[in-house]
Every structure is written in C-alpha cells, then in structure tokens.
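**Student:** Pasting a structure below so you can have a look.
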Amino acid sequence: MTSAAGSNRSSRIAGFHKLSPRDRLDLVAGFAGLDEAQVAHLANMGNLDPMLADKLIENVIGTMNIPVGVATNMKIDGEDVLVPMATEESSVVAAVCNAAKQVYETGFFTSVSGNLMIAQVQAVDVADPAGARIRILEKRDEIKAACDACDPVLVSLGGGFRDLEVRLLDTPSGTMVVTHLIVDTRDAMGANAVNTMAEKLAPSIAAWSGGRVYLRILSNLADRRLARARAVWKAADIGGEAVRDGIVSAYEFAAADPYRAATHNKGIMNGISAVVLATGNDTRAVEAGAHAYAARSGRYSSLTTYEVDKDGNLSASIELPLAVGLIGGATKVHPTARACLAILGVTTAERLARIIAAVGLAQNFSALKALATTGIQKGHMALHAQNIAMMAGAVGEEIDRVARLLVERASVRMDVAQKVLEEVRGN
Ligand code: MEV
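According to this note's numbering, the sequence shown is numbered sequentially starting from 38.
Set out below in structure tokens:
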C-alpha cells in the first residue's frame, strides 16, 4: 500500500479533492513514504465520522485527536459549571481547577456588552469622502431593510441589523470610506450572517459613495461583543499579602510592557482557546479579537486587571471580545462539540461567552500566582515529565514511575527518560 518516497514526486495531484479520505491517504502515504503504522494511525479517525470530517474541510486524510479535560470547581454567577477544555498543553486544565478552588466560595461574576458583530464594506476612489459618509448614513432605513431581508430567521429570533457607522480612513492611496454594519447575531457566531449582508449591500454602497467597493467582510475585533468576568480572591486563601502583591506586580508588568503582555495574554488564551475549541468555535477569530482588543489604546497591554480592594483582597477582572456561537459550523455538527456544550449546559451564546471569560481569568490568576511565587516549572515539569516518559516509550504504569523519577532527579529530558525507562524495566 505504501511506497518509498520517490525523488520525482509531484504535489500536483489531479482530482485529489474528489477522492475518498482513504484513497487520498494512500496517495499521501506513497508520496511521503509513510510506514504502515503511520497509515493505520491516520486511517483511524476515532470518534469523528470520516464522512463528516470530509464535509468539514477539504482534502481530508485523517483527524487530529486533542485531549478534552474538564475544569472543576467553577462557580459562575452562582451556578456550578463543569468546563470542557480541548488542549494539548499540560497544566492548563489544572491551572483553572486550582484558581477556581481558591475562589469557590464566591466564584466568578460575569456580563456581556451584547451579541453585536461588525461587517465592514470598504469603498475606495471616493471623490468626496465626507459627503459620501453622510449620504450612506442617510440610507440607514434602507440598509436595515436590506440587511434584515438577508436573514429572516435571525430577525425572527430577535436579531438583525442594529446600527450603522461610516468611518473615513486616511491611507496612502487616498481616503477610504468604510461602512460598518452592526448586527445582532444572537446565538450564532455570525460570520456568515454579516458577510452575506456586507456582500448584499456592496453595490448600493458603491453607488451612494460614488467610489468602488473592494472588501466586504466581518471584523474580528468584535468590540461590541465583549465578555467580562470578575472575581475576588481573599488574600488569606491565596497565601497572604505577599502573594497578592506579587500577582498585582505581575499584572502591572504586563500592563506596562508589550513583551510581557504577549505572554500574559497567551496564558489567558490557553484557557479561552481550549473552551472555544472544545465547543467547536473558531479559535482564530477569538484570538485575533482578543489581541486586537489588547492593543486598542495604541499599545498592546493586558486583557486582565488586578487590584487590592478595600478589604485587602485581590480584585481581578477580564474584558475581551468573545464572538462564539451555539449554532452554525462545527458547533452544530461536530459530535464532540455538541457533547461539550451539553456538559456546559449552555442555551445561549452569551452564557458560553461569559463562562469562557471566567476561564480566561482563572487561567491567568493561576499563571501569575505561580510566576510570582515558585515559578511555573515545578508544576509544569511534573506534567511535562509524563509526556517525556511516553515519548521515551513508557507505557501503562511505567509512565508515572518514569515521570516521578525524572522530577526527583530534576532532569526532565528525553535522553534521561530513556535511561530511566531501561532502569525501570530492568527492575
Ligand atoms: C504558558 O503556556 C503560559 C504562561 O507563560 C503564561 C504567563 O506567563 O502568564 C505561564
């Protein structure tokens, strides 16, 4: 079935997209010289029906399994929630559990600014941009009617066009007239809905502006769809005032320095992207929105804030755009995403966004606490050691034994793991 990779390989494979996943896999195996074990591994699509996988994206040959863990101890707006998280990174789920445990008594409080998405229509070569802006704004009723006509189901669910904005952007090729359609997309992430509206409106906007329209697409800077969470960790519950002050100082470092803020926010996204992925939502959309929002002042900064409240406790909060949905795309059709949504028990996109914001805050709290005290390597290495043990070939009970010995010897390395495994097997 497989053949060694030849030197005259061509990536131009006519009709590749029309083949079945299995036939594509055989071709790829021949091209790349995969061995039988690799082919068998890729052919096993686990709990995702190959027919469905083949519909989700193009040119499918296999699936990629990522562990789904569940964060415990989360109480959000007075309600206990178990949060499924899909991630390949060790410590991420544990970090959320630990942070939530230390604030379980009161839990997290959350809110959202709305479900509004923005679609942009770019007009160029406009002779009178200021006049064009006013002409487009005059058409608000017509624009609303056209947008709502694109999606009667959305309108029947209480969503649809909400607002209109026209911005003038100075660019090297002249002033662009950029129209924002602001649409309530309810429980959908909304990309399809608003992109359809933008495309529909484009010819009219070209006519009203007297220019030419190029791009018609949503903005991932969904700053009218903000999710917020806050929590107060009692100083006594987190190791005292020194720990509290270390966390505040870590936050102030991120707030002041983009180099640190990038890592700080990466930690937040460890939690956020894991829930976004587990629920079949678009991780890249959420990540783009989060980082753009973090730079909204003109300088990239922290998505969270930490302060000492009047009682001497640690008051923490997060605010970021969270464009997630419960309908459409993988959220609706991927069985793992459906099951994860069932675990969460959410019935609205708003509730999902609120939970995700709380997870981001919990994740960040744990990272800052570890960094401001023992450092992250101690906890991280214990879990990382298990991965290294498995990579070295440990199986079953060997994994824990090898991992423990690696940590004891303070040497979590592949070469050491191989030697330790030999020792363990020799015993
Ligand atoms: C590692 O994936 C995430 C951290 O680097 C986050 C942070 O530094 O705040 C630990």
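The C-beta atom is built at its ideal place from N, Cα and C for all residues, glycine as well.
Quick one: what's Ala-465 bridged to in DSSP?
**Tutor:** Residue 465 lies beyond the range of the chain shown here (38 to 464); nothing can be said about it.
**Student:** Would you mind reading off the limits of the alpha helix (DSSP H) that contains Glu-435?
**Tutor:** 435-445 is the extent of the alpha helix (DSSP H) around Glu-435.
**Student:** Do you know offhand how far Arg-321's Cα is from Thr-100's?
**Tutor:** Approximately 19 Å, taken between the alpha carbons.
**Student:** Which of helix, strand or coil does DSSP assign to Asp-282?
**Tutor:** Three-state result, Asp-282: helix.
**Student:** Ignoring anything shorter than 4 residues or poking outside the segment 269-342, list the alpha helix (DSSP H) runs there in chain order.
**Tutor:** Those alpha helix (DSSP H) runs which fall completely within the segment 269-342 and span 4+ residues are 278-293, 295-315, 320-331.
**Student:** Name the residue from Met-88, Leu-56, Gly-70 whose alpha carbon lies nearest to the alpha carbon of Asn-45.
**Tutor:** Minimum Cα distance to Asn-45 is reached at Gly-70.
**Student:** Any idea what DSSP makes of Glu-179, helix, strand or coil?
**Tutor:** Of the three classes helix, strand and coil, the one that applies to Glu-179 here is helix, per DSSP.
**Student:** What would DSSP say about Ala-41, mapped onto helix, strand or coil?
**Tutor:** At Ala-41, the pLDDT of 49 sits below 50, so the modelled position is not reliable; the number obtained from the coordinates is stated separately. Note: Ala-41 maps to coil in three-state DSSP.
**Student:** Residues in the same chain with beta-carbon distance under 6 Å from Leu-119, minus the five sequence neighbours each way, listed in chain order, please.
**Tutor:** So the qualifying residues of the chain are Val-107, Ile-380.
**Student:** Kindly examine the ligand MEV and report whether one of its heavy atoms sits closer than 7 Å to the Cβ of Thr-300.
**Tutor:** Yes.
**Student:** Where does Ala-137 sit, in a helix, a strand or coil, going by DSSP?
**Tutor:** It is helical.
**Student:** Could you spell out the range, first to last residue, of the alpha helix (DSSP H) harbouring Ile-425?
**Tutor:** Start and end: 414-428.
**Student:** Determine the extent of the alpha helix (DSSP H) in which Gly-196 is found, giving its start and end residues.
**Tutor:** Note, Gly-196: premise wrong, no alpha helix (DSSP H); not H, not E.
**Student:** For Ile-94, which three-state DSSP category applies?
**Tutor:** Coil, per DSSP.
**Student:** Determine, using beta carbons only, whether Ala-422 and Val-396 come nearer to each other than 8 Å.
**Tutor:** In this structure, Val-396 does not lie closer than 8 Å to Ala-422 by Cβ.
**Student:** Alpha carbon to alpha carbon, how far is Val-370 from Leu-62? Give it in angstroms, no decimals.
**Tutor:** Rounded to whole angstroms, Leu-62 to Val-370 spans 24 Å at the Cα level.
**Student:** So does Gly-195 have its beta carbon nearer than 7 Å to some heavy atom of the ligand MEV?
**Tutor:** Outside the cutoff, so no.
**Student:** Throw me the rounded Cβ distance for the Trp-270 and Ala-164 pair, which I believe falls under 8 Å.
**Tutor:** Not confirmed; about 58 Å, so no contact.
**Student:** Is it right to say Tyr-296 is buried, meaning 16 or more other beta carbons lie within 10 angstroms of its own, or is it exposed?
**Tutor:** It counts as exposed.
**Student:** Measure the alpha-carbon distance for Thr-216 versus Thr-233 and round it to whole angstroms.
**Tutor:** When rounded, the distance between both Cα atoms is 14 Å.
**Student:** So, under 8 Å CB-CB, Ser-128 and Val-161 are touching, yes? Tell me the CB distance rounded to an integer number of Å.
**Tutor:** No, Ser-128 and Val-161 are not in contact; Cβ-Cβ is about 48 Å, not under 8 Å.
**Student:** Quick one: is Ile-171 buried, meaning 16 or more other Cβ sit within 10 Å of its Cβ, or exposed?
**Tutor:** The residue in question, Ile-171, is exposed, as its Cβ has fewer than 16 Cβ neighbours within 10 Å.
**Student:** To the nearest angstrom, report how far apart Ala-419 and Val-220 are at their CA atoms.
**Tutor:** So the two alpha carbons sit approximately 47 Å from each other.
**Student:** Let me know if Tyr-330 comes out buried or exposed under the rule of 16 or more other beta-carbons within 10 Å of its beta-carbon.
**Tutor:** Label assigned to Tyr-330: buried.
**Student:** Where do the ends of the beta strand (DSSP E) carrying Lys-112 lie?
**Tutor:** Here the beta strand (DSSP E) through Lys-112 covers 105-113.
**Student:** Going by other Cβ atoms of all chains shown within 10 Å of its Cβ, with 16 needed for buried, is Glu-356 buried or exposed?
**Tutor:** That one is buried.
**Student:** Less than 8 Å between the C-beta atoms of Leu-359 and Ala-390, yes or no?
**Tutor:** For Leu-359 and Ala-390, yes; Cβs fall inside 8 Å.
**Student:** Would you kindly check if the distance between the Cβ of Ala-266 and the Cβ of Phe-146 is under 8 Å?
**Tutor:** Yes, the Cβ-Cβ distance between Phe-146 and Ala-266 is below 8 Å.
**Student:** Should the segment 282-293 be regarded as contacting the segment 333-342, the criterion being three or more beta carbon pairs within less than 8 Å?
**Tutor:** Flag = yes, the segment 282-293 and the segment 333-342 touch.
**Student:** Indicate the three-state DSSP secondary structure (helix, strand or coil) for Lys-456 in the structure shown.
**Tutor:** Helix.
**Student:** Helix, strand or coil: which one does DSSP assign to His-217?
**Tutor:** His-217 falls in the strand class under three-state DSSP.
**Student:** Give every residue of the same chain whose Cβ lies closer than 6 Å to the Cβ of His-301, excluding the five residues on either side of it in the sequence, and list them in chain order.
**Tutor:** Same-chain partners within the cutoff: Ala-291, Ser-339.
**Student:** Among residues of its own chain, excluding the 5 on either side of Asp-114, which ones have a beta-carbon nearer than 8 Å to its beta-carbon?
**Tutor:** Closer than 8 Å at the Cβ level, and outside the excluded window around Asp-114, lie Gly-144, Phe-145, Phe-146, Thr-147, Arg-391.
**Student:** Strictly by DSSP, which residues pair up with Ala-160?
**Tutor:** Val-214, Val-250, per the DSSP bridge assignment.
**Student:** How would you call Asn-152, buried or exposed, if buried means at least 16 neighbouring beta carbons within 10 angstroms?
**Tutor:** Under this definition Asn-152 is a buried residue.
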